[in-house]
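Chemist: Below is one structure. I have some questions about it.
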Amino acid sequence: MPTSAAVKAEDTLIHVLWINAGLSCDGDSVALTAATLPSVEEIALGALPGLPRIAFHWPLIDFECGPNGGADDFLEWFFKADRGELEPFVLVVEGSIPDEKNKDEGYWCGFGTDPATGQPITTSEWLDRLTPKATIVVAAGTCATYGGIHAMAGNPTGAMGVPDYLGWNWKSKAGVPIVCVPGCPVQPDNLSETLTYLLYMATDQAPMIPLDDALRPTWLFGATVHEGCDRGGYYEQGDFATEYGSPKCIVKLGCWGPVVKCNVPKRGWMDGVGGCPNVGGICIGCTMPGFPDKFMPFMDEPPGGKLSSTGSEIYGSVIRTLRHITGRTLDHEPQWRRPTTQLDSAAARTW
Numbered sequence: 001m002p003t004s005a006a007v008k009a010e011d012t013l014i015h016v017l018w019i020n021a022g023l024s025c026d027g028d029s030v031a032l033t034a035a036t037l038p039s040v041e042e043i044a045l046g047a048l049p050g051l052p053r054i055a056f057h058w059p060l061i062d063f064e065c066g067p068n069g070g071a072d073d074f075l076e077w078f079f080k081a082d083r084g085e086l087e088p089f090v091l092v093v094e095g096s097i098p099d100e101k102n103k104d105e106g107y108w109c110g111f112g113t114d115p116a117t118g119q120p121i122t123t124s125e126w127l128d129r130l131t132p133k134a135t136i137v138v139a140a141g142t143c144a145t146y147g148g149i150h151a152m153a154g155n156p157t158g159a160m161g162v163p164d165y166l167g168w169n170w171k172s173k174a175g176v177p178i179v180c181v182p183g184c185p186v187q188p189d190n191l192s193e194t195l196t197y198l199l200y201m202a203t204d205q206a207p208m209i210p211l212d213d214a215l216r217p218t219w220l221f222g223a224t225v226h227e228g229c230d231r232g233g234y235y236e237q238g239d240f241a242t243e244y245g246s247p248k249c250i251v252k253l254g255c256w257g258p259v260v261k262c263n264v265p266k267r268g269w270m271d272g273v274g275g276c277p278n279v280g281g282i283c284i285g286c287t288m289p290g291f292p293d294k295f296m297p298f299m300d301e302p303p304g305g306k307l308s309s310t311g312s313e314i315y316g317s318v319i320r321t322l323r324h325i326t327g328r329t330l331d332h333e334p335q336w337r338r339p340t341t342q343l344d345s346a347a348a349r350t351w
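Taking UniProt numbering, the leading residue of the sequence shown gets 1, the next gets one more, and so forth.
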């Protein structure tokens, strides 16, 4: 039996405005099309019980993003939100935010043009206009959350994440902090699940989303890669791969899994299949605020990895030996399981 809140929610229309004009490759938009739990189609069509009606204004799938005035029609939804005519709406930002104040002329990136001046509207200006009016702000992908690759040392744009631009303690008019779903690109179901939670929350069907200190959903980013990795048992036993293609732990090949907060080994990538260490790739820490600078060079063994792996090899060899001895014992049937005239299973005859 649906609750009264669910019934009310299904009559509510929430707009989702997606700005993908930050410094990005659109990889997070593409990734979301692979989501299955739930799929973007299920969200857009309101196929989940109690989900409000959704109007997606997303360049990747919006049919109004075409020639002959199509782009103008698409951007009108953003102008409506700016004028306060769209209520409520969720703002999704993809791509890092450049510093438009660090140069004398030109602009780094923009999203449409101002009808009054004919000049590009910078991405940072859209954030200035829309974030005060948004019910919820979501940063999708590592570029939007923490700056990502565009914010590497030596970059000319002064790129940063949405929390860096708005402030880490910023909250929407509904009192919701910035919600960060990192990943390069974002794991598809992590983003679709977070959006679904926020839509339920916006219609009073879910409590305030729990976030960690880096503004990530805690149920998605509360554990390390190592804690959910199928190769973790090899690490415990000090059994490490020395070349790619091995099923063993790949810490010595440059994997940062023991310290990186990410659920990809458990969740997989598409419909439970794939994910970096699951298919033999090292974890390069792409869900972490320090990515990529603090994780480079990617293919080198992490600092401290040599110490921890050496310790693991020492006690792991003892554990392997003890388990081998126990395993050999358990790998043989009890001696009484054979045809004989003598009952020698230590059971008393009852007949």
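Ideal Cβ placement from N, Cα and C applies to all residues, glycine included. Treat the numbers as computed from the prediction; the structure is a model and nothing was measured.
Let me know if residue 237 comes out buried or exposed under the rule of 16 or more other beta-carbons within 10 Å of its beta-carbon.
Modeler: It is buried - the Cβ of residue 237 has at least 16 other Cβ atoms within 10 Å.
Chemist: Could you pull out every residue in the same chain whose Cβ sits closer than 6 Å to the Cβ of residue 27, ignoring the five residues on either side in sequence?
Modeler: Same-chain partners within the cutoff: 185.
Chemist: Evaluate residue 193 with the Cβ neighbour count: other Cβ atoms within 10 Å of its Cβ, from every protein chain shown; 16 or more gives buried, anything less gives exposed.
Modeler: Counting Cβ neighbours within 10 Å, residue 193 comes out buried, since at least 16 surround it.
Chemist: Mark residue 191 as exposed unless 16 or more other C-beta atoms lie within 10 angstroms of its C-beta, in which case mark it buried.
Modeler: Flag for residue 191 reads buried.
Chemist: Put residue 77 into one of helix, strand or coil per three-state DSSP.
Modeler: Helix.
Chemist: Indicate whether the contact test is met: 3 or more Cβ pairs, each with one atom in the stretch 241 to 248 and one in the stretch 211 to 225, closer than 8 Å.
Modeler: In short, these stretches do not touch, since the Cβ pair count stays below three.
Chemist: Please confirm whether residue 142 and residue 286 have their CB atoms less than 7 Å apart.
Modeler: In this structure, residue 286 lies closer than 7 Å to residue 142 by Cβ.
Chemist: Compute the Euclidean distance between the alpha carbons of residue 340 and residue 332, then round it to the nearest angstrom.
Modeler: Near 18 Å, if we compare the C-alpha coordinates of residue 332 and residue 340.
Chemist: For the beta strand (DSSP E) that contains residue 140, what are its first and last residues?
Modeler: Where residue 140 is concerned, the enclosing beta strand (DSSP E) stretches over 136 to 140.
Chemist: For residue 100 and residue 125, I'd like the C-alpha separation in whole angstroms.
Modeler: If I take the Cα positions, the gap works out to 9 Å.
Chemist: Closer than 6 Å to a non-hydrogen atom of the ligand GDP - does that hold for the CB of residue 340?
Modeler: Ligands in the displayed structure: none, and consequently the ligand GDP is not present.
Chemist: Could you give the uninterrupted runs of the beta strand (DSSP E) lying entirely in the stretch 182 to 256, keeping only those of 3 residues or more?
Modeler: Complete beta strand (DSSP E) runs here, min 3: none at all.
Chemist: Given a threshold of 16 other Cβ atoms within 10 Å of its Cβ, counted over all protein chains shown, does residue 325 qualify as buried or as exposed?
Modeler: Result: exposed.
Chemist: On the premise that residue 55 lies in contact with residue 15, defined as a C-beta separation below 8 Å, what is that separation, rounded to the nearest angstrom?
Modeler: Yes, they are in contact, since the Cβ atoms of residue 15 and residue 55 sit about 5 Å apart, within 8 Å.
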